[in-house]
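So the sequence shown is numbered by the working numbering: it starts at 4 and just counts up by one.
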Amino acid sequence: MSICLSQLTFAQEIIEIPHNKSTETTWQGGEKTYFSDLWSTDVVTNVSVPTIQVFRPENPNGTSVIIAPGGGLYALSIKSEGTAVAEWLNQKGVTAFVLKYRLVPTGEDGVQEITDDANKDPQHIANRVAPVMPYAIQDGLAAITYVREHAESFKINKNKIGFMGFSAGGAVTMGVAYTYTEANKPDFLVPVYPWTSVYPVQKVPEDAPPMLVICATDDPLELAPGSIELYTSWLKAKKSVALQMFSKGGHGFGMRKQGLPSDNWIQRFHDWAIAEEIILVQ
Numbered sequence: 004m005s006i007c008l009s010q011l012t013f014a015q016e017i018i019e020i021p022h023n024k025s026t027e028t029t030w031q032g033g034e035k036t037y038f039s040d041l042w043s044t045d046v047v048t049n050v051s052v053p054t055i056q057v058f059r060p061e062n063p064n065g066t067s068v069i070i071a072p073g074g075g076l077y078a079l080s081i082k083s084e085g086t087a088v089a090e091w092l093n094q095k096g097v098t099a100f101v102l103k104y105r106l107v108p109t110g111e112d113g114v115q116e117i118t119d120d121a122n123k124d125p126q127h128i129a130n131r132v133a134p135v136m137p138y139a140i141q142d143g144l145a146a147i148t149y150v151r152e153h154a155e156s157f158k159i160n161k162n163k164i165g166f167m168g169f170s171a172g173g174a175v176t177m178g179v180a181y182t183y184t185e186a187n188k189p190d191f192l193v194p195v196y197p198w199t200s201v202y203p204v205q206k207v208p209e210d211a212p213p214m215l216v217i218c219a220t221d222d223p224l225e226l227a228p229g230s231i232e233l234y235t236s237w238l239k240a241k242k243s244v245a246l247q248m249f250s251k252g253g254h255g256f257g258m259r260k261q262g263l264p265s266d267n268w269i270q271r272f273h274d275w276a277i278a279e280e281i282i283l284v285q
């Protein structure tokens, strides 16, 4: 197994991003990558060292997106909300970076752990997530800084770096949106069914970047109201914002195909980015 993983890592362009080590949270056993039967998708758990995986298009148009997969901060839905998104964006000339941000320390199966916590005591999830969330947000900001500092080598425009996050990754996106500095400010934001209950809507920054919020009305985690609140906050602050709310789609649809209009959310993002001149049609 170690040989296979080593060869796989060598074939990929994976970069460890600078980070301050946690003094309060400790991880044991290393990062784990596996197929989760519970979620029916590939996941990564127990991330203690933040990295970005680089996806370079054949014909880069200068725009780039840092992608933060979701998974309740216990796991990362690394394919449906990560690499598959990056591959689609590459086809449109967008350079993509899939971010593995730090997660709740877990054992052999983080997905089983969050499932058990949800069934026994949902508040325990919040208690485990709270100390790790600041580090996940730091990782998001550090990823922007790194990508911007190396924009030339990535063949991207340093002023067209966006941040897209799903669910818990959407909470990371909001953390980035509220705490950036000049060096790590995202040029656009795309929170997709953001986990607003764990990271509530706050005051909009004076120089807030354009944002597209995506969600489904029937999200079983009831994230639609928070998505609307987030959209409304940008609207009231007179910032550039759009909302794509699907009537059906549930939670965690990512790049999964359900035979619903929500299957085309990423095309709606692309349309919006062209309209906002974030992506220039070549």
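C-beta atoms are modelled at their ideal positions from N, C-alpha and C, and glycine is treated no differently.
At the level of alpha carbons, what is the spacing between residue i and residue j?
i, j, result
"Val50", "Thr26", "16 Å"
"Ile117", "Ile217", "24 Å"
"Leu1", "Val204", "The chain is shown from 4 up to 285; residue 1 falls before or after that span and cannot be answered."
"Glu111", "Phe58", "28 Å"
"Glu61", "Asn122", "46 Å"
"Asn160", "Trp275", "18 Å"
"Gly168", "Asn64", "21 Å"
"Val52", "Gly262", "37 Å"
"Gln10", "Lys35", "Because the pLDDT at Gln10 is just 38, under 50, the model does not fix this residue reliably, and the value given afterwards should be weighed accordingly. Going by the C-alpha atoms only, they are around 16 Å apart."
"Asn23", "Pro137", "11 Å"
"Phe272", "Gln15", "26 Å"
"Met248", "Pro264", "10 Å"
"Lys206", "Lys82", "33 Å"
"Ile55", "Gly75", "19 Å"
"Lys260", "Glu84", "12 Å"
"Ala174", "Phe191", "15 Å"
"Lys239", "Val135", "31 Å"
"Val244", "Asp124", "36 Å"
"Tyr37", "Lys241", "44 Å"
"Pro212", "Leu41", "37 Å"
"Lys95", "Asn267", "15 Å"
"Asp119", "Glu225", "20 Å"
So what does DSSP say about residue i, is it helix, strand or coil?
i, result
"Pro194", "strand"
"Met258", "coil"
"Ala245", "strand"
"Ser5", "In this prediction, Ser5 scores a pLDDT of 36, lower than 50, which makes its location untrustworthy; no coordinate-derived value is stated."
"Lys239", "helix"
"Lys123", "helix"
Determine the contact status of residue i and residue j, defining contact as a CB-CB distance below 8 Å.
i, j, result
"Val47", "Ser39", "no"
"Val68", "Leu106", "no"
"Ala180", "Ile20", "no"
"Gly253", "Asp221", "yes"
"Phe256", "Ala219", "yes"
"Ser230", "Tyr196", "yes"
"Pro189", "Phe157", "no"
"Met214", "Trp237", "yes"
"Tyr104", "Asp142", "yes"
"Gly178", "Gly73", "no"
"Ile18", "Lys163", "no"
"Ser80", "Thr44", "yes"
"Tyr77", "Gly113", "yes"
"Pro108", "Trp198", "no"
"Pro194", "Leu233", "yes"
"Thr176", "Ala71", "yes"
"Ile269", "Val88", "yes"
Give a yes or no on whether the minimum CB-CB distance between residue i and chain D is below 8 Å.
i, result
"Ile128", "In summary, chain D is missing from the structure at hand, where a single protein chain is found."
Problem - Minimum length 3: unbroken beta strand (DSSP E) runs contained in the stretch 13-101 - result: Within the stretch 13-101, the complete beta strand (DSSP E) runs of at least 3 residues are 17-19, 35-39, 44-48, 54-58, 67-71.
Handout entry: Any alpha helix (DSSP H) of 4 or more consecutive residues that is wholly inside the stretch 154-236
Key = Here the runs fully enclosed are 154-157, 171-182.
Exercise for the section: State whether the stretch 83-100 contacts the stretch 113-133, with contact taken as three or more CB pairs (one from each stretch) at a distance under 8 Å. Expected result: Taking 8 Å as the limit for Cβ pairs, the verdict is that the stretch 113-133 does not touch the stretch 83-100.
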